[in-house]
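Take the sequence shown: its letters are residues 1206 to 1558, numbered as in this note's numbering.
Following: one structure in structure tokens, then a few remarks.
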Amino acid sequence: MVDFGVFLPNGSNGYLMSSAYKPYAPTFSDNLQITQLAEQNGFDYVLPMIKFRGFGGDTGCWDECLEPFNLVAGLAAKTEKIKFFPTVSMPAVHPTYAARMISTLDQISDGRTGLNAVTGWNKPEYSQMGLWPGDEYYSDRYTLAAEYVTILRELWQNGETTFEGKYFKLTDCKCFPVPNSHIDIVSAGQSKQGLDFVENFADYRFIIANPNALKRLEEEVHSNKKRKFGNYLLFHLLARETDEEANKTVKTIVEKADIPAIETMLFGGSGDKNKEGTLEALRQAKDAPVEEGNMAFGAHPCIYGSFTNVAEKINDIIEKTQPAGFMFAWADFKEGIKDFGDKILPKIEINRR
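Here it is as structure tokens:
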């Protein structure tokens, strides 16, 4: 079984940092249409992010962002099959409140809700609200994350907990109702600390699937190394009738990269010295080839080409890395999702193993 997911564009302009496409504001109506199209075209889940402060630039990158839990409540009420992974920023939302929101969404969605738990790295997002824990947080954020998820799991299982840690203290804390379903947790831990956190606390790991990451996954497959979690691979998809059309579009997106927004993003995490984490991947992506995750594509590695070649590339990745699934973003989500369902998914040879 290989899952396919959509990285919902609930922030301005989706996940492009380029003026090649007209900037747009996120709306509930658009995200509902995208989610319903995803459900109709063979996708298994959607995931909305959270951003409390955008990166501006020429395109107003992420200057607007719809809150993911409220968004999912509306989307779940108007869909039947597709699953949701709303994003919680752990420094910004208390775990007891997140636990209750997820329990509520579990009822609204009839068991179709998981959780994407992020530690946060962009200092200006949190310092503007007085929520930045201090620069030591860069090296200690997975301590907070471990406490956070421990509290979530205890509340979801028992409806109550007493807990004392470095970041949270709860005394006979109640949280009812509990969910009727197991709540899958996903995390995008890229560093060693992040990987350890996923191994101990998460069901799935999102991976920025550049060639080096894919090579490591392939080596794990060959070594028969077993993980407790499944890997979801993050890509930007750009498929056209011909390779030439796709190449031309990719070139235009890179040439029109929103450099001021990119520089603001990188500056926001300048205190993070972790050489294995997400921010380091962003730094390296500034001038990277698109296959490795150029910043014009939000640092997401891009699979591009004709519909046939894109399907072949996905088949090759599945065969070599055996992922639990994929998550995709597009420059045009509605067109991209319909094209995936009509012209790519039928060519995925070992899908739904």
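Glycine is no exception: its CB is placed at the ideal position from the N, C-alpha and C atoms.
Item to check | Bridge-paired residues (DSSP) for Lys-1539 | outcome: Paired residue(s): none; Lys-1539 is not in a bridge.
Item to check | Cβ-Cβ distance between Asp-1389 and Gly-1319 below 8 Å | outcome: yes
Item to check | C-alpha gap between Val-1495 and Glu-1460, whole angstroms | outcome: 12 Å
Item to check | Presumed contact (8 Å Cβ cut-off) between Glu-1554 and Asn-1514, rounded CB distance | outcome: Contact flag wrong, Cβ pair sits at about 14 Å.
Checklist entry - Candidates Thr-1240, His-1299, Leu-1221 and Phe-1545: which alpha carbon is nearest Arg-1445's? => result Phe-1545
Item to check | Pro-1592, DSSP secondary structure in three states | outcome: Any property of residue 1592 remains undetermined from this structure, which presents the chain solely from 1206 to 1558.
Next on the checklist: Within a Cβ cutoff of 8 Å, which residues of the same chain sit near Tyr-1437, ignoring the five residues on either side of it in sequence?
Outcome noted: Asp-1208, Gly-1210, Val-1391, Tyr-1409, Arg-1410, Phe-1411, Ile-1412, Pro-1528, Ala-1529, Gly-1530, Phe-1531 and Met-1532
Item to check | DSSP bridge partner residues for Asp-1208 (one or two, in chain order) | outcome: Gly-1530
Checklist entry - Leu-1357 and Ala-1303 look like a contact to me (Cβ under 8 Å); what is the Cβ gap, rounded to whole Å? => result 7 Å
Next on the checklist: Using the three-state DSSP reduction, which class does Asn-1436 fall into: helix, strand or coil?
Outcome noted: strand
Item to check | Bridge partner(s) assigned by DSSP for Glu-1369 | outcome: Lys-1374
Checklist entry - If you scan the stretch 1263-1309 from start to end, which runs of the beta strand (DSSP E) of 3 or more residues do you find wholly inside it? => result 1292-1294
Checklist entry - How many angstroms separate the CA atom of Arg-1558 from the CA atom of Ile-1523? => result For Arg-1558, the predicted model reports a pLDDT of 43, less than 50, meaning its position is unreliable; a value from the coordinates is still stated below. Cα to Cα, the separation comes out at about 10 Å.
Item to check | Alpha-carbon spacing of Leu-1237 relative to Ala-1230, whole angstroms | outcome: 14 Å
Item to check | Simplified DSSP assignment, three categories, for Tyr-1343 | outcome: helix
Checklist entry - Does the stretch 1421-1434 touch the stretch 1351-1368, meaning 3 or more C-beta pairs lie closer than 8 Å? => result no
Next on the checklist: Alpha carbons only, please: which of Gly-1261, Gly-1216 and Gly-1316 is nearest the one belonging to Tyr-1272?
Outcome noted: Position check: residue 1272 holds Glu in this sequence, whereas Tyr was assumed. With distances taken between Cα atoms, Glu-1272 lies closest to Gly-1216.
Item to check | Sub-8 Å separation of Tyr-1220 and His-1441 beta-carbons | outcome: yes
Checklist entry - Does the distance from the C-beta atom of Pro-1291 to that of Phe-1274 stay below 8 Å? => result yes
Next on the checklist: Can you look up Val-1383 in the DSSP assignment and give me helix, strand or coil?
Outcome noted: coil
Checklist entry - What's the call for Ser-1234, buried or exposed, on a 16-neighbour Cβ count within 10 Å? => result exposed
Next on the checklist: With distance defined between alpha-carbon atoms, name the residue in Pro-1228, Thr-1240, Gln-1395 and Phe-1373 nearest to Ala-1282.
Outcome noted: Thr-1240
Item to check | Extent of the continuous alpha helix (DSSP H) run through Leu-1237 | outcome: 1233-1245
Checklist entry - Run through DSSP, which three-state label would Gly-1259 get? => result coil
Item to check | Residue nearest to Ile-1458 in terms of C-alpha spacing, selected from Lys-1227, Lys-1548, Pro-1214 and Leu-1213 | outcome: Lys-1227
Item to check | Residue from Lys-1288, Cys-1270 and Asp-1547 whose Cα sits closest to the Cα of Tyr-1250 | outcome: Lys-1288
Checklist entry - Among Thr-1284, Gly-1261, Lys-1420 and Trp-1267, which has the Cα closest to the Cα of Met-1254? => result Trp-1267
Item to check | Beta-carbon proximity of Glu-1497 to Pro-1416, cut-off 8 Å | outcome: yes
Next on the checklist: I believe Asp-1463 touches Gly-1262 by the beta-carbon criterion, under 8 Å. Please report the beta-carbon distance rounded to the nearest angstrom.
Outcome noted: 4 Å
Next on the checklist: Considering only the alpha carbon of each residue, which of Glu-1449, Asp-1377, Thr-1469 and Asp-1401 lies closest to Ser-1511?
Outcome noted: Glu-1449
Next on the checklist: To the nearest angstrom, how far is the alpha carbon of Leu-1400 from that of Ala-1350?
Outcome noted: 12 Å
Item to check | Those residues which DSSP pairs with His-1441 across a bridge | outcome: Cys-1507 and Ala-1534
Checklist entry - Do Lys-1371 and Glu-1341 have their CB atoms nearer than 8 Å? => result no
Next on the checklist: I'd like to check one pair, Met-1295 with Gly-1325: are the Cβ atoms closer than 8 Å?
Outcome noted: yes
Next on the checklist: Suppose you measure from the CA of Asn-1246 to the CA of Lys-1456; what does that come to, to the nearest Å?
Outcome noted: 28 Å
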